[in-house]
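Each remark here refers to the structure printed beneath this line.
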Amino acid sequence: MFNRKERLQLIETYGREDALARYTAEAELITAEELKRYRAELISDFHHHCAVDDATCFIDYCYTHHTDNFDDIVDWLHTLRAIQRQIEG
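Under numbering that gives the first Met the number 0, the letters of the sequence shown match residues 0 to 88, in that order.
Next up, the structure:
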């Protein structure tokens, strides 16, 4: 569906505020320790491609690990992709 690079770029470009709101509302789905570990992994893989803040990391973690909000995140990413196509199309 969405590869990691695409997810991170969509969030960075079109969904930063929404990602922050989702992270604030749903942060209990991941421990602070797990978020820190996962963020370090993302930064090492993608630090040249886009910003990797806690909210972006949280969204990617939930997508990758199919947490309870997975379906909502997939729908949101499809919305971001549609926005991208409208703007770039």
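For every residue, glycine included, the Cβ atom is placed at its ideal position computed from N, Cα and C.
(Q) Please list the terminal residues of the continuous alpha helix (DSSP H) segment that includes I72. (A) As a first step, residue 72 is located in the sequence shown; it is residue number 73 there, counting from the start. Residues 69-87.
Q | Backbone CA spacing between D53 and E87 [nearest angstrom] | A | The residue given as residue 53 occupies position 54 in the sequence shown. The residue given as residue 87 occupies position 88 in the sequence shown. Near 27 Å, if we compare the C-alpha coordinates of E87 and D53.
(Q) Considering Cα atoms alone, identify which of H65, E40, F69, I58 is closest to E16. (A) By 1-based counting over the sequence shown, the position of residue 16 is 17. The shortest Cα separation from E16 among H65, E40, F69, I58 belongs to I58.
Q: Taking all protein chains shown into account, decide if A18 is buried (16 or more other Cβ within 10 angstroms of its Cβ) or exposed.
A: The count along the sequence shown starts at 1 and reaches residue 18 at position 19. Buried is the call here.
Q) Should Y60 and I29 be called a contact, given that it needs their Cβ atoms to be closer than 8 Å? A) Within the sequence shown, the letter at position 61 stands for residue 60. Within the sequence shown, the letter at position 30 stands for residue 29. Judged by their CB atoms, Y60 and I29 are nearer to each other than the 8 Å cut-off.
(Q) I need the boundaries of the alpha helix (DSSP H) containing D17, first residue and last residue. (A) As a position in the sequence shown, residue 17 is number 18, starting the count at 1. That run of the alpha helix (DSSP H) goes 15-25.
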